[in-house]
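**Student:** Below you'll find the structure I mean.
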Amino acid sequence: MLELRLVQGSLLKKVLESIKELVNDANFDCSSTGFSLQAMDSSHVALVALLLRSEGFEHYRCDRNLSMGMNLNNMAKMLKCAGNDDIITIKADDGSDTVTFMFESPTQDKISDFEMKLMDIDSEHLGIPEAEYDAIVRMPSAEFARICKDLSSIGDTVVISVTKEGVKFSTKGDIGAANIVCRQNTTVDKPDDATVIEMKEPVSLQFALRYTNFFTKATPLSSTVTISLSNELPVVVEYKIAEMGYVRFYLAPKIEE
Amino acid sequence: NVEQNVLTLYYDNL
Chain A
52 MLELRLVQGS LLKKVLESIK ELVNDANFDC SSTGFSLQAM DSSHVALVAL
102 LLRSEGFEHY RCDRNLSMGM NLNNMAKMLK CAGNDDIITI KADDGSDTVT
152 FMFESPTQDK ISDFEMKLMD IDSEHLGIPE AEYDAIVRMP SAEFARICKD
202 LSSIGDTVVI SVTKEGVKFS TKGDIGAANI VCRQNTTVDK PDDATVIEMK
252 EPVSLQFALR YTNFFTKATP LSSTVTISLS NELPVVVEYK IAEMGYVRFY
302 LAPKIEE
Chain B
1013 NVEQNVLTLY YDNL
């Protein structure tokens, strides 16, 4: 038996909106730790890792570890039917081939349940070791989204370079080239508006903008984004989910042959 | 020539 009650249901709606374009089908894993997911896109270039910790739910009952295969587009369709202020409860019985999403309006005057069919998914699970990164950039998530969108109108790839000068995002395309430099800026009114760069080694890596633009669908989840880079390693783009966990995106670099 | 790497090059498939 599984029963997870999330008072801030809008978080789950935002999570689905942030990952449904990158991944079609995924197994949601439920354990005493929390509700989690790890899935790669079909070309194995990008990976999403989600964790919603059990403590973040108002009620969390998971009698035994359970993996539920879901089509993320269908799940997103159902969650779109929940109001932004609704409480969402995820329910499943042991051995059942369905999951139920229950939506309660804040005043309890409207209660809906949506039952969705589960699916068997052969998912590959990658072991991602904890790593020390050469450079970690924290910046406003809206700024990162704006940069990825702007650069994708010029080129297909972005070179992200971190030096002591700041973090530079560069692209080239048929019509020309663009460079955007963000300097460390901690003298802002709100901490979330700061750009903070921790650098051990200068880093320069190239990525497909198509994927970074997918990642920025998670912008509504967090006002800041953390980009962790090491030379010759996949980048990690992390959006923290208020006191509950995170959505992390991993993206393999492009390499000059 | 720019090649797109895949994640399985960096991480073990469990």
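Read top to bottom, the protein sequences are chains A and B. The first sequence stops at residue 308 when you use our numbering, and every number in between is there. The second sequence stops at residue 1026 when you use our numbering, and every number in between is there. Positions of the beta carbon are idealized from the N, C-alpha and C atoms, including for glycine. All values derive from a computational prediction rather than experimental measurement.
1) Might you give, ordered along the chain, the residues of its own chain that have their beta carbon closer than 6 Å to the beta carbon of D76 of chain A, omitting 5 neighbours on each side?
2) Does the beta carbon of V209 of chain A come closer than 8 Å to any beta carbon on chain B?
3) So, is R261 of chain A buried or exposed, given that buried needs 16 or more other C-beta atoms within 10 angstroms?
4) Report the neighbours of A303 of chain A on chain B: residues whose CB is nearer than 8 Å to its CB, in chain order.
5) List the residues of chain B whose Cβ lies closer than 9 Å to the Cβ of H176 of chain A, in chain order.
6) I'd like to confirm the pairing. Which residues does DSSP put opposite G120 of chain A in its beta bridges?
7) Mind checking the stretch 237-266 of chain A against chain B and listing, in chain order, the residues whose C-beta falls within less than 8 Å of any C-beta there?
8) Are the stretch 193-203 of chain A and the stretch 145-154 of chain A in contact at 8 Å, needing three or more beta carbon pairs?
9) Counting Cβ pairs closer than 8 Å, one from the stretch 66-73 of chain A and one from the stretch 159-167 of chain A, do we hit at least three?
10) When you compare the CB of I306 of chain A with every CB in chain B, is at least one pair closer than 8 Å?
11) By the criterion of Cβ-Cβ separation under 7 Å, what are the contact partners of L36 of chain A in chain B?
12) Cα separation between A127 of chain A and E307 of chain A?
13) DSSP three-state call for F299 of chain A: helix, strand or coil?
14) When burial is assigned at 16 or more other CB atoms within 10 Å of the CB, is I226 of chain A buried or exposed?
15) Report yes if the CB atom of T275 of chain A is closer than 8 Å to the CB atom of S192 of chain A, and no otherwise.
16) Tell me which same chain residues have a C-beta within less than 6 Å of the C-beta of A303 of chain A, skipping the five on either side of it?
17) Once DSSP output is grouped into helix, strand and coil, what is the label at D144 of chain A?
18) Could you name the residues of the stretch 66-98 of chain A whose beta carbon sits closer than 8 Å to any beta carbon of chain B, in the order they occur along the chain?
19) Look up M126 of chain A in the DSSP assignment and say whether it is helix, strand or coil.
20) Give the residues of chain B in contact with I179 of chain A, contact being defined as C-beta atoms less than 8 Å apart.
21) Could you tell me which of A:L117, A:R115, A:F86, A:S93 sits nearest to S105 of chain A, measuring between CA atoms?
22) Less than 8 Å between the C-beta atoms of V188 of chain A and I248 of chain A, yes or no?
23) Taking C113 of chain A as part of the beta strand (DSSP E), name the residues at either end of that continuous run.
24) Taking the alpha-carbon positions, what's the I211 of chain A to S221 of chain A distance?
25) I believe F258 of chain A touches V218 of chain A by the beta-carbon criterion, under 8 Å. Please report the beta-carbon distance rounded to the nearest angstrom.
26) Counting Cβ pairs closer than 8 Å, one from the stretch 290-300 of chain A and one from the stretch 233-240 of chain A, do we hit at least three?
**Tutor:** To lay it out plainly:
1) N122, I172
2) no
3) The residue in question, R261 of chain A, is exposed, as its Cβ has fewer than 16 Cβ neighbours within 10 Å.
4) Q1016, N1017, V1018, L1019, L1021, Y1022
5) N1025, L1026
6) A:N78
7) Q257, A259
8) no
9) no
10) yes
11) Given a span of 52 to 308 for chain A in the structure shown, any question on residue 36 of chain A remains unanswerable.
12) 38 Å
13) One detail in the question is off: residue 299 of chain A reads as Arg in this sequence, not Phe. Strand, per DSSP.
14) exposed
15) yes
16) V96, P285
17) coil
18) M91, S94, H95, V96, A97, L98
19) helix
20) Correct list: Y1023.
21) A:F86
22) A contact, by the Cβ cut-off of 8 Å.
23) 110-113
24) 7 Å
25) F258 of chain A to V218 of chain A, Cβ: 13 Å. No contact.
26) no
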